[in-house]
Amino acid sequence: MASDMISAEGVPAFGNDVRTVWWEDSSVCLIDQRLLPTEWVTVRCQTRDEVAFAIKSMQVRGAPAIGCTAAYGLALVARQSQATTAAELLAELATAKTFLDSQRPTAVNLAWATARMLTTAHRFNGSFDALPARLLDEAHTILAEDLAMCHAIGEHGVNLIPPRGRVLTHCNAGGLATAGYGTALAPIRTAHRLGRPVHVLVDETRPFLQGARLTAWELQQAGVPLTLITDNMAGFMMRRGEVDCIIVGADRIVANGDVANKIGTYSLAVLAQAHGLPFYVAAPSSTVDLALATGDEIVIEERATDEVTHIGGRRIAPEGVVAAHPAFDVTPHQLVTAIITEQGVIYPPFAEGLARLKRNT
Ligand code: MRU
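Anchor point for the sequence shown: position 196 equals 237 in my numbering, and the numbering is continuous, going up by one each time.
This is the structure in structure tokens:
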């Protein structure tokens with residue numbers, strides 16, 4: 042495709058949502074998010090290793106979207122397996138789960154989805170030959186449920202948007218990061234659909250630029266007014282009174298309500314507190330990990346530093362310079378005003394609300 046910005050026409054849709062992940066011709070299909078918004082290229086993963094590469098390289102990214110992708114990846118493994126017994130196939134699936142989970146360690150949705158696929162396989166009591174079809178079915182269900190959860194997050198979160206509707210968001214927690222519609226962008230899109238005032242300040246989100254490339258594009262396609270800012274403008278915008286609330290997504294929310302999300306989220310939460318602004322986290326129950334007590338236990342993914350020293354493949358820092366690239370940070374629960382989930386809004390203290398959320402899923 043030419044390097045013009047792509048328009049909404051010709052974009053594959055899933056209901057009213059752009060399709061991020063889907064199954065077609067025995068392949069796991071994705072939009073290569075590294076190329077957006079200038080090129081629209083479909084990636085077809087036909088092996089376990091291609092699925093792993095897509096996740097690691099961020100052809101697909103966003104916690105729920107990589108969970109859905111890995112679920113299809115395990116369905117693919119089951120279909121291609123040469124195993125002759127259920128025990129052999131289960132062992133192969135367990136190995137594939139470990140391999141896929143290791144591609145991006147911070148987003149718990151990945152391990153959550155692969156665990157659900159493995160549990161499905163273990164509980165299946167049909168014939169051995171029917172197991173691959175059952176697993177593909179489960180992957181479809183995970184995708185459909187994620188889409189439904191995003192819409193529910195939109196319904197629950199919309200009333201938190203203050204009347205002037207000026208929301209700041211970070212990274213991309215939109216349709217591209219999920220099965221569709223998004224998490225942080227869901228209340229925003231719902232407000233817009235209801236005709237309420239809403240204007241989004243979009244952090245560009247260095248170093249991978251998910252805000253500038255993906256969130257700006259998604260909001261533009263949806264007709265939601267937006268202003269793109271660089272990450273270091275956020276504090277000034279708050280100080281100038283141009284922000285009414287902050288809504289971000291999450292990669293993992295632990296038992297006490299601490300939140301791992303894209304690097305830079307913590308700084309925003311501190312700024313929000315300094316300016317007396319509400320700081321909301323929007324996430325489905327699949328992002329909640331009660332196995333970890335506090336955010337200190339979360340493994341933070343370290344990515345290649347050329348993502349920092351280069352932009353769009355072009356070097357911007359001197360040759361040989363040392364750079365750091367923690368891809369996520371942890372926002373302590375004390376800085377979070379509320380967590381918007383598919384079951385409703387959870388207020389502090391979070392431990393009880395999060396435990397109830399997980400019990401009801
Ligand atoms: O590195 P990414 O692009 O996968 O990081 C994405 C985020 O941090 C999102 O905010 C998070 O996954 C929530 S997506 C609904």
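All C-beta atoms, glycine included, are put in the ideal place defined by N, C-alpha and C.
CB of residue i to nearest heavy atom of ligand 1: below 6 Å?
i: Ala218; result: yes
i: Asn302; result: yes
i: Arg292; result: Going by the sequence as given, residue 292 is Asp instead of Arg. Under cutoff, so the answer is yes.
i: Arg356; result: no
i: Gly114; result: no
i: Arg281; result: no
i: Thr224; result: yes
i: Arg102; result: yes
i: Cys212; result: yes
i: Gln251; result: yes
Should residue i go down as buried or exposed, given a rule of 16 or more other Cβ atoms within 10 Å for buried?
i: Tyr388; result: exposed
i: Ser48; result: Residue placement at Ser48 is flagged as unreliable, the pLDDT there being 45, under the threshold of 50; a coordinate-derived value is accordingly withheld.
i: Glu50; result: Low local confidence applies: a pLDDT of 45 at Glu50 is under 50, so the model's placement there is unreliable, and no value is given.
i: Leu141; result: buried
i: Leu209; result: buried
i: Phe391; result: buried
i: Arg280; result: exposed
i: Ala111; result: buried
i: Gln100; result: buried
i: Asp409; result: Because the chain spans 42 through 402 in this model, residue 409 falls outside it and cannot be assessed.
i: His163; result: exposed
i: Ile357; result: exposed
i: Ser327; result: buried
i: Gln27; result: Since the first residue shown for the chain is 42 and the last is 402, residue 27 is missing from the structure and cannot be characterised.
i: Thr402; result: exposed
i: Arg400; result: exposed
i: Arg89; result: buried
i: Pro325; result: buried
i: Arg85; result: exposed
i: Gln87; result: exposed
i: Gly377; result: Sequence check: residue 377 is Val here, not Gly. That one is buried.
Assuming contact is defined by CB atoms lying nearer than 7 Å, are residue i and residue j in contact in what I supplied?
i: Glu133; j: Ala124; result: yes
i: Phe369; j: Thr147; result: yes
i: Gly108; j: Asn166; result: no
i: Asp330; j: Arg293; result: yes
i: Ala93; j: Leu71; result: no
i: Ala332; j: Thr372; result: no
i: Thr256; j: Gly215; result: yes
i: Asp187; j: Pro105; result: yes
i: Asp73; j: Val82; result: yes
i: Ala116; j: Leu176; result: yes
i: Asn302; j: Val289; result: yes
i: Ala119; j: Pro173; result: yes
i: Thr246; j: Cys191; result: no
i: His366; j: Glu348; result: yes
i: Pro238; j: Gly198; result: no
i: Ile202; j: Ile381; result: no
i: Ala253; j: Arg230; result: no
i: Glu342; j: Arg145; result: yes
i: Leu260; j: Val241; result: yes
i: Met158; j: Glu129; result: no
Please report the Cβ distance between residue i and residue j, rounded to the nearest whole angstrom; I am assuming they are in contact, meaning their Cβ atoms lie under 8 Å.
i: Ala323; j: Ile287; result: At roughly 11 Å, the Cβ-Cβ gap does not stay under 8 Å, so Ala323 and Ile287 are not in contact.
i: Gly336; j: Val295; result: 6 Å
i: Gly221; j: Val69; result: No, Gly221 and Val69 are not in contact; Cβ-Cβ is about 16 Å, not under 8 Å.
i: Arg102; j: Ala218; result: 7 Å
i: Ala334; j: Thr350; result: In fact, because the Cβ distance is near 36 Å, the residues do not count as touching under 8 Å.
Contained alpha helix (DSSP H) runs [length at least 4] in the region 165-216, N- to C-terminal order: Fully enclosed alpha helix (DSSP H) runs of 4 or longer: 172-198.
field: Ordered list of alpha helix (DSSP H) runs contained in the region 101-151, each at least 4 residues
entry: DSSP runs (the alpha helix (DSSP H)) wholly in the region 101-151: 104-121 and 127-142.
field: Every unbroken alpha helix (DSSP H) within the region 206-270, with a cutoff of 4 residues, ordered by chain
entry: Listed in chain order, the alpha helix (DSSP H) elements of length 4 or more contained wholly in the region 206-270 are 226-234 and 257-263.
task: Just list the beta strand (DSSP E) runs in the region 57-95, keeping only unbroken ones of 3 residues or longer that don't cross its boundaries, in chain order.
output: Unbroken beta strand (DSSP E) stretches of 3 residues or longer found wholly inside the region 57-95: 62-65, 68-72 and 83-86, given in chain order.
Every unbroken beta strand (DSSP E) within the region 344-385, with a cutoff of 3 residues, ordered by chain: If we require 3 residues or more, the beta strand (DSSP E) runs fully inside the region 344-385 come out as 369-372 and 379-382.
- request: Mind listing, in chain order, the continuous alpha helix (DSSP H) runs of no fewer than 4 residues lying wholly within the region 301-348?
  value: Runs of the alpha helix (DSSP H) inside the region 301-348: 306-315.
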